[in-house]
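K.L.:
Numbering of the sequence shown is given in this note's numbering, commencing with residue 204 and proceeding in unit increments.
For every residue, glycine included, the Cβ atom is placed at its ideal position computed from N, Cα and C.
Got a structure here, written out as structure tokens. Questions coming.
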Amino acid sequence: MAAYSYRDDPSVPAFPDDRPIIIFDGHCVLCSGFAQFVMRHDRGGRLRLMAAQTPVGAALYRHYGLDPVDYQTNLVLEDGLVRVKSDSSIRVFELLGFPWSLMAAGRLLPRRLRDALYAIVARNRLRWFGKREVCYLPTPEQRDRFIL
Numbered sequence: 204m205a206a207y208s209y210r211d212d213p214s215v216p217a218f219p220d221d222r223p224i225i226i227f228d229g230h231c232v233l234c235s236g237f238a239q240f241v242m243r244h245d246r247g248g249r250l251r252l253m254a255a256q257t258p259v260g261a262a263l264y265r266h267y268g269l270d271p272v273d274y275q276t277n278l279v280l281e282d283g284l285v286r287v288k289s290d291s292s293i294r295v296f297e298l299l300g301f302p303w304s305l306m307a308a309g310r311l312l313p314r315r316l317r318d319a320l321y322a323i324v325a326r327n328r329l330r331w332f333g334k335r336e337v338c339y340l341p342t343p344e345q346r347d348r349f350i351l
């Protein structure tokens, strides 16, 4: 898909996309924990976050042909383009800077293998790590970093 193609999709509400955005399952304990990790380590406040359960999140999953209810990947939107599966996670670590950017060494593994490992975790994450009854919400201090 072309960069910013979601802007031309009338089913995707407008949202601020001037910084990289991580779209994650807000009910998943693992995913919410990753969002909290990002908030702690993104000292420059460069990244925004969005729960997949928001209207924009669901519309973006549909736009990219992904299930808007059974989230098998997080999304990273940057410069109008989407990254999914292992590429999305590796990109987040790169954006966090050193030492987290060393995780980019994961790209030495073939994408097919990386994505297969990602799929195993994605399929089992709720069973292994649990599910929140209420979607993860930011603290008042974090609110400006979230797209709700």
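According to DSSP, is ARG335 part of a helix, a strand, or is it coil?
P.N.:
Coil.
K.L.:
If you pair each beta-carbon of the region 251-261 with each one of the region 297-311, do three or more pairs fall below 8 angstroms?
P.N.:
The answer is no - the region 297-311 does not touch the region 251-261, with fewer than three Cβ pairs under 8 angstroms.
K.L.:
Kindly indicate which residue of PRO302, ARG294, THR257, GLN345 has the alpha-carbon position closest to the one of VAL337.
P.N.:
Closest option to VAL337, Cα to Cα, is THR257.
K.L.:
Is any non-hydrogen atom of the ligand FAD found closer than 6 angstroms to the C-beta of SER292, if you look at the structure I gave you?
P.N.:
For the structure depicted, the ligand FAD is absent and the ligand set is empty, with no information on it obtainable.
K.L.:
Ignoring anything shorter than 4 residues, give me the alpha helix (DSSP H) runs that lie fully in the region 271-324, in order along the chain.
P.N.:
DSSP runs (the alpha helix (DSSP H)) wholly in the region 271-324: 288-299.
K.L.:
If contacts are defined as beta-carbon pairs under 8 angstroms, then ARG222 and LEU250 qualify, I think. What distance do you get, rounded to the angstrom?
P.N.:
That pair is a contact at about 7 angstroms.
K.L.:
Check whether the region 211-218 touches the region 310-318, taking contact to mean three or more Cβ pairs, one atom from each stretch, closer than 8 angstroms.
P.N.:
Touching, no, given that fewer than three Cβ pairs across the two stretches are closer than 8 angstroms.
K.L.:
In chain order, what residues of the same chain have a beta carbon less than 7 angstroms from the beta carbon of ALA254, not counting five sequence neighbours either side?
P.N.:
Contacts found: PHE227, GLY229, GLY260, CYS338, TYR339.
K.L.:
Would you call the region 239-249 and the region 285-302 touching, i.e. three or more CB-CB distances under 8 angstroms?
P.N.:
In short, these stretches touch, since the Cβ pair count reaches three.
K.L.:
Which of the three DSSP states is assigned to ALA254 in this structure?
P.N.:
In the structure shown, ALA254 sits in a strand (DSSP, three-state: E or B).
K.L.:
Look at VAL272 and ARG294 and say whether their C-beta atoms are less than 7 angstroms apart.
P.N.:
Going by C-beta atoms, VAL272 is not nearer than 7 angstroms to ARG294.
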